[in-house]
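I have placed the structure first, in the form of structure tokens, so that the comments after it can refer back to it.
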Amino acid sequence: MRPHEETISVGGIPVHTWVGGQGDPLLVLHGAGGNRGWRQWMERVAEQYTIWAPTHPGFGASGDAEWMEGVEDLARFYLWWIDAAGLGRPHLLGQSFGGWTAAEMATMSPGAIDRLVLAAPVGLKPEKGEILDVFYHSPQQLRELNVHDPSAIPEWEELFGRAPTPAELEIAERNREMTARLAWKPYMHNPRLERFLPRVSNPTLIVWGREDRIVPAACGERYRRLLPHATLTVLERCGHLVPIEHPDAFARLVLDFLGGKARP
Amino acid sequence: MKLYYFSKMPHHEYPDEEGAHYPSLRLAFPNRFFDRTKAASNYQRYLTEYELADRVGFDGLMINEHHSTPSCVNVGANMTAAVLGRTTTRAKLLILGNILPIEDNPVRMAEQIAMADLISGGRVLSGFVRGVGVETWWANTNPVHNRERFEECHDLIMKCWTEPGPFRWEGRHYHFRHVNPWCLPLQKPHPPIWIPGTASPETAVWAGQRGYTYVPFLVPFDIARELFEFYRQGAAEAGRTVTPDNLGFLICAVTADTRAKALEAGRHFVWRMGPTLRGPVEWFSPVGMRSRAGKQFALKARPRSLATMSYEELVAEHFIIAGTPDEVADGFALVQRELGIGHLLLEAQESRMDHATTMRSIELMGAKVIPAMAHI
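The structure is reproduced here in structure tokens:
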């Protein structure tokens, strides 16, 4: 099932988007590392859902959004974008920085989305420990810190096996700049999010890697406590890039959750 | 050509091998190595050296500010200016400078600079800088806003000095509904503005458009000339004529009674060039702080980092000028001929360059070098 690329504009910003699959729409929001394209876990999930995977404004091949000041702006933008893309009431899945964005969207407009999947989202300040300061570390260091065991990652070679081209470095820099624009201070969290999460009515699946060195796994427990209809699954031998590190297990969890009838 | 004496007020008062354990002396080197007693006496010492520089005839005393680093523990440039405003009598006080993007209250900054100008009898030269990335980390200011905040902070300070209050300021980064500072500079309409440069073409153009004095720091001559070209472009856009009075340059310099002594003293500057500039690029230039153009120019401007150069190479490239008074006077004249500048800023001190050596260097500059500069 080959995906295709589209540009969907809203609010004057062209948004580069991967689209593929069949079935009900699932909006996928990427992390701070940018849109990594059509990945193995998506291939699996796309057998039953139509995946819409946009590149955030200010990232990759999407347009600039220098007016944005925080993740709440991005969340508001994606609520417009759902309408612009004609997705109706999609399921929403976000990873890390995209997970935070997804959580904000659910707090703003729970009725605009169906089920919610959060993979190692930032957004909450850990009760113990700290979210790693990604801007303080080099891209090389982050590549190590992001994952638990590179040798166990099926797509490692494809994603990280060669030196990036100048164009890819330029995009990586652009992604980091936009992330800084949105998440520099308070760093990678919204102090008020804990007030909003209890109003989210959507069934929610939270997935975390036990060995996450970017966002402490205890944040998953915190999200679970604050969201009224959430379950938390912690994957062993898994770092921060949950869907990349364990594509099959992650896809299975997502499919089971989205196909489930009853609220957890 | 005018000469300026500059002390970074360093705190090189710890075993070097301790500093070498950390990725950088900035941000990460723990402050348990800060020696309070030594710092207290050093501040006295550094101020005494500044005061001698005033008496022997330096045209100006340059003051700067850094944070979270032993390379410079002058953590409040305006405080130092206020102190020197009382204890010196004739030299200009070149604050180079206040770090605008990390300032959250430009009105307070406008007041403080004005107060230093009043205390000093109108001797302040007010430099504005964007800061190195370390200061952005220290203040936790978003680096992607660095240039915007620099410009907006500047605009608000200038408005404080040039337009009668009360007025309202509602910009992108600064919001004040009642601006009416009851402290204005003695110099009318305001102290002269100075801008340093290390690599950013945009800053050079911006300074040229406004006719501010522009001073590259420790770059090769050809890069300084290129930055001055950007400055001239900006000046031309605004229909301004550029004279040597608009242009300055900063180097390290020391003199002594003999060449051997001076060269020995000058060796201390290697610490400033090397260990204090060591560290991850993410700390010195956090993401988004520099434009793409600035980043590319920076790579060109620093084909080799100062940190990798030997003392002999630093001397050969004129980043450090050390010698007898006649020799340093010749060196300064060479810099003037190469760059056509009207102001030469001398970083002339390091904490391990002892007080007596520093004082003797200042005396000799006053007796023999400054008079020689009067004619160029």
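Protein chains in written order, with the numbering used here: chain A, 41 to 304; chain B, 9 to 384.
Here a beta-carbon is modelled for each residue, glycine too, at the ideal position from N, C-alpha and C.
Candidates the options, of which the one nearest residue i by Cα
| i | options | result |
| --- | --- | --- |
| A90/B | T266/B, G274/B and R131/B | R131/B |
| L104/B | G141/B, T221/B and Q357/B | T221/B |
| G249/A | D154/A, Q80/A, D123/A and F290/A | F290/A |
| H131/A | S191/A, A223/A and A152/A | A152/A |
| V162/A | D296/A, D252/A and G51/A | D252/A |
| W279/B | K16/B, M9/B, L11/B and Y12/B | K16/B |
| P114/B | T96/B, F136/B and L322/B | F136/B |
| I284/A | E217/A, L199/A, N242/A and I211/A | L199/A |
| A215/A | G98/A, R76/A and S49/A | The sequence given here has Asn at residue 215/A, not Ala. Cα-wise, what sits closest to N215/A is G98/A. |
| Q217/B | T206/B, A232/B and I201/B | I201/B |
| L126/B | L194/B, E159/B, A99/B and R180/B | L194/B |
| I71/B | F42/B, N39/B and A124/B | A124/B |
| W107/A | I259/B, R180/B, R155/B and D334/B | R180/B |
| H188/A | Y176/A, G279/A and P94/A | G279/A |
| D299/A | W78/A, Q135/A, T47/A and T244/A | For clarity, residue 299/A is Gly in the given sequence; the question names Asp instead. When each option's Cα is compared against that of G299/A, the closest is T244/A. |
| S102/A | W58/A, P287/A and V294/A | W58/A |
| L156/A | W140/A, I171/A and R202/A | W140/A |
| Q62/A | L127/A, R277/A and K168/A | L127/A |
Backbone secondary structure at residue i - three-state DSSP
| i | result |
| --- | --- |
| T2/B | Residue 2/B lies beyond the residue range present for chain B, which begins at 9 and ends at 384; the question has no answer from this structure. |
| M389/B | No statement about residue 389/B is possible, as the shown extent of chain B runs from 9 to 384 and does not include it. |
| R76/A | coil |
| H131/A | strand |
| T211/B | helix |
| W107/A | coil |
| I284/A | helix |
| V240/A | coil |
| K308/B | helix |
| I107/B | strand |
| M70/B | strand |
| P252/B | helix |
| F292/B | helix |
| E237/B | helix |
| I193/A | coil |
| K100/B | strand |
| E276/A | coil |
| P18/B | coil |
| G141/B | helix |
is_contact[residue i, chain E] using C-beta, thresh 8 Å
| i | result |
| --- | --- |
| G296/B | Absence of chain E from the displayed structure is noted, the protein chains being A and B. |
Proximity test, residue i beta-carbon vs the ligand ZN heavy atom, cut-off 7 Å
| i | result |
| --- | --- |
| R248/B | Because no ligand of any kind appears in the structure shown, any question about the ligand ZN cannot be addressed here. |
Residue i - containing beta strand (DSSP E), residue span
| i | result |
| --- | --- |
| A330/B | I328 to G331 |
| L258/B | G256 to T263 |
| D64/A | D64 to L69 |
| H363/B | Where H363/B is concerned, there is no enclosing beta strand (DSSP E), although the alpha helix (DSSP H) it sits in stretches over H363 to L372. |
| F14/B | K10 to F14 |
| A220/A | No beta strand (DSSP E) contains A220/A, which is instead part of the alpha helix (DSSP H) from P206 to A223. |
| Y263/A | Element bounds for Y263/A: not the beta strand (DSSP E) but the alpha helix (DSSP H), A258 to L266. |
| F136/B | V132 to V137 |
| G205/B | I201 to G205 |
Span of the alpha helix (DSSP H) around residue i
| i | result |
| --- | --- |
| W169/B | N154 to T170 |
| E197/A | W196 to F200 |
| L55/B | R44 to V64 |
| V55/A | Careful: V55/A lies outside any alpha helix (DSSP H), inside the beta strand (DSSP E) at I53 to G61. |
| A356/B | A356/B -> no alpha helix (DSSP H), and no H or E assigned at all. |
| F277/B | F277 to M281 |
| F137/A | F137 to M148 |
| L192/B | Counting along the chain, L192/B falls outside any alpha helix (DSSP H), and DSSP gives it neither H nor E. |
| R183/A | P179 to N186 |
Check your understanding: Which residues, in order along the segment 215-246 of chain A, keep a beta-carbon less than 7 Å from a beta-carbon of chain B?
Key -> R216, E217, A220, R221, W224 and K225
Check your understanding: Residues in the segment 146-161 of chain B with C-beta within 7 Å of chain A's C-beta atoms, listed in sequence order?
Key -> N148, N150, P151 and V152
Practice item. Select from the segment 167-178 of chain A all residues with a C-beta closer than 9 Å to any C-beta belonging to chain B, and list them in chain order. Key: F175, Y176, H177 and S178
Review point. Can at least three beta-carbon pairs, one atom from the segment 156-170 of chain A and one from the segment 252-267 of chain A, be found at a separation below 8 Å?
Key: yes
Check your understanding: Should the segment 34-54 of chain B be regarded as contacting the segment 282-301 of chain B, the criterion being three or more beta carbon pairs within less than 8 Å?
Key -> yes
Check your understanding: Does the segment 71-80 of chain B come close enough to the segment 118-130 of chain B that 3 or more CB-CB pairs lie under 8 Å?
Key -> no
Review point. Can we say the segment 227-238 of chain A touches the segment 83-101 of chain A, given the rule of at least three CB pairs closer than 8 Å?
Key: no
Review point. According to a CB-to-CB cut-off of less than 9 Å, which residues of the segment 190-201 of chain B neighbour chain A?
Key: none
**Study point:** Interface residues of the segment 282-296 of chain B facing chain A [CB-CB below 9 Å]
**Key:** P288, V289, E290, W291, P294, V295 and G296
Review point. Is the segment 166-182 of chain B touching the segment 315-327 of chain B, taking contact as three or more C-beta pairs under 8 Å?
Key: no
Review point. Any chance the segment 354-371 of chain B sits against the segment 50-57 of chain B, with 3 or more Cβ pairs inside 8 Å?
Key: yes
Check your understanding: Three or more C-beta pairs closer than 8 Å, one from the segment 202-210 of chain A and one from the segment 104-123 of chain A: is that the case here?
Key -> no
**Study point:** Stretch-stretch touch, CB-based, cutoff 8 Å, three pairs: the segment 338-345 of chain B with the segment 264-280 of chain B
**Key:** no
Review point. Taking three-plus beta-carbon pairs below 8 Å as touching, is the segment 68-80 of chain A in contact with the segment 270-278 of chain A?
Key: no
Exercise for review: Taking 8 Å as the threshold, find out whether the segment 192-211 of chain B comes into contact with the segment 219-236 of chain B through three or more Cβ pairs.
Suggested key: yes
Practice item. For the segment 115-125 of chain A and the segment 43-51 of chain A, state whether three or more C-beta atom pairs, one from each stretch, are separated by less than 8 Å. Key: yes
Exercise for review: Count the CB pairs spanning the segment 180-190 of chain B and the segment 324-337 of chain B that are closer than 8 Å, and state whether there are at least three.
Suggested key: no
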